[in-house]
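So the structure is just underneath, and the comments pick up after that.
There are 2 protein chains.
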Amino acid sequence: MNNKIILTIGRQFGSGGREIGKKLAKALNIAYYDKELMALAAKESGLSEEFFEKADERASSGLSYAFTMGYSYMGLFTPYNDILSNDRLFLYQSDTIRNLAEKGSCVIVGRCADYILRDNPNCLSFFIHNTKENRIQRILESQNLTVEQAKELILKTDKSRASYYNYYTNKEWGAASSYNFSIDVSVLGVDETVEFIKSFVERKINKQPPHFG
Amino acid sequence: MNNKIILTIGRQFGSGGREIGKKLAKALNIAYYDKELMALAAKESGLSEEFFEKADERASSGLSYAFTMGYSYMGLFTPYNDILSNDRLFLYQSDTIRNLAEKGSCVIVGRCADYILRDNPNCLSFFIHNTKENRIQRILESQNLTVEQAKELILKTDKSRASYYNYYTNKEWGAASSYNFSIDVSVLGVDETVEFIKSFVERKINKQPPHFG
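Residue numbers (the working numbering), protein chains in the order written: chain Y, -17 to 195; chain P, -17 to 195.
As structure tokens, this is what we get:
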């Protein structure tokens, strides 16, 4: 693609959002970032990836994780050597997301990327959802769980994602108006939903004056 | 169109949802219902259209409107001659919506039609939203208001629509997961958003086994 475009994807747990993000990146021949963001943020900040993994898409508890762990006394985290809270990790990760968006077109899944890049005119935000039945089915296909356990995992993970998003943004997770485009995967299925989203991206690119990057 | 399709449209006030619904119906050459529903419900129920207009997209106050007005003593409303509440009007209007969906393809704006037709396999539900700036601009173009008044009207009308929807359905107004598809009109503009939604409807029709009606 000649025009830079950053696609951010929010998603219900088990909806197929991650699969759609990957396939969309492939179809558009652009980069894809999901959990990879943590390794990058770790590298850029000089902190251990483990910190980012433990804090991944979890809102700050109000207590500093690192403070509780006793790390803050070590003075390692200059220029921010007071506490190493989830909030601090969020800021590091936000820098990483902004750097990636600077570099070139990509798909970024989760991590409030839509909010972090809210002033970027090349950004389009999506929210992917699915029927409860399809979500349970998808989870059972990849994890050895009972239906009840899958239901519980859906509730718990969505609640955690919503808390994280609502804490770090001034928007509401899963509200249609928080995203440019939201879609129920059950109508067209994964592959055709990817094609359909791609057609939206192409319409947007053809509409805007060309950008280069 | 050979295949029956019912498109329901929820919308933020001032978003352009009504205009999109009308243009979509025209583009697909199918019927369009918005405020027309009230005249139809009045005709079918034998009640005055005024009742439906006063209750339009307003949740029941808990007190019966008609009871307050003293109408319930007149025994006019058999077989429901106890009270003529907003709830009762909602039920009449729901019957009208189901009858229309039986008759043929159409676009229905508002009035919880997505929920009323939730078991109809030919139904697709949409939610139309727009940026705050565009919504204010659209309102100012059609009504003689100040920016502050337009902002207030947006808040008040959306709140009223949300209360109505949340009261009569088990879903949340404006939540992405309450609809098959939600879109921010500001990305493509009204006319191209219509084209894009039309392409979604066509994909859905081509995917499903043919229905006739």
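Quick reminder that beta carbons are idealized off the backbone N, C-alpha and C, glycines included.
This one's a predicted model, so the numbers in the text were calculated from it and none came from an experiment.
*In or out: aspartate 140 of chain Y buried (at least 16 other Cβ within 10 Å) or exposed?*
buried
*Can you tell me the Cα-Cα spacing of alanine 12 of chain P and cysteine 88 of chain P, whole angstroms?*
The sequence given here places isoleucine at residue 12 of chain P; alanine does not occur at that position. The straight-line gap from Cα to Cα measures roughly 5 angstroms.
*asked:* Which runs of the beta strand (DSSP E) at least 3 residues long sit entirely within the stretch -17 to 10 of chain P? Give them in chain order.
replied: -12 to -7
*Using beta-carbon positions only, say whether asparagine 148 of chain Y and leucine 106 of chain Y come within less than 7 angstroms of one another.*
no
*Compare the C-beta of valine 169 of chain Y with all C-beta atoms of chain P and state if any pair is closer than 7 angstroms.*
yes
*Cβ of asparagine 104 of chain P within 7 angstroms of Cβ of lysine -14 of chain P?*
yes
*Quick one: using the 10 Å Cβ neighbour count with 16 as the cut-off for buried, is glutamine 125 of chain P buried or exposed?*
exposed
_Per-residue contacts from lysine -14 of chain P into chain Y (C-beta, under 9 angstroms)_ = What lysine -14 of chain P touches in chain Y: nothing, since even the nearest Cβ is about 16 angstroms away.
*If we call anything under 7 angstroms between Cβ atoms a contact, is glycine -4 of chain P one with arginine 120 of chain P?*
yes
*asked:* Run through the DSSP bridge pairs and tell me what serine 34 of chain Y is partnered with.
replied: Residue 34 of chain Y is actually phenylalanine in this sequence, not serine. Answer by DSSP bridge pairing: none, since phenylalanine 34 of chain Y is not bridged.
*Who are the near neighbours of aspartate 166 of chain Y in its chain, counting only those whose CB is closer than 8 angstroms to its CB and skipping five residues on each side?*
His111, Asn112 and Thr113
*Considering only the beta carbon of each residue, do alanine 83 of chain P and asparagine 68 of chain P sit closer than 7 angstroms?*
no
*Since leucine 170 of chain P contacts lysine 25 of chain Y with CB under 8 angstroms, what's their CB separation in whole angstroms?*
That belief does not hold up - the Cβ atoms of leucine 170 of chain P and lysine 25 of chain Y are roughly 38 angstroms apart, past 8 angstroms.
*Ignore the nearest five residues each way along the sequence and tell me which others in threonine -10 of chain P's own chain have a CB closer than 6 angstroms to its CB.*
Ile90, Ala95, Asp96 and Ser107
*Looking at the structure shown, is leucine 106 of chain P part of a helix, part of a strand, or coil, going by DSSP?*
strand
*Contact set for alanine 132 of chain Y: own chain, Cβ-Cβ below 7 angstroms, skip 5 residues either direction*: Ile118, Ile121 and Leu122
*Using a beta-carbon distance below 7 angstroms, is phenylalanine 163 of chain Y in contact with chain P?*
yes
*asked:* Taking its Cβ as the centre, do 16 or more other Cβ atoms sit within 10 Å of threonine 175 of chain Y, making it buried, or is it exposed?
replied: buried
_Cutoff 7 angstroms: lysine 36 of chain P Cβ touching any chain Y Cβ_ = no
*Would aspartate 166 of chain Y count as contacting chain P if we go by Cβ distances under 7 angstroms?*
yes
*Is glycine 92 of chain P buried or exposed, if buried means 16 or more other CB atoms sit within 10 Å of its CB?*
buried
*To which residues does DSSP link aspartate 166 of chain P through a beta bridge?*
P/His111
_If we define contact as Cβ-Cβ less than 7 angstroms, is lysine 186 of chain Y a contact residue for chain P?_
yes
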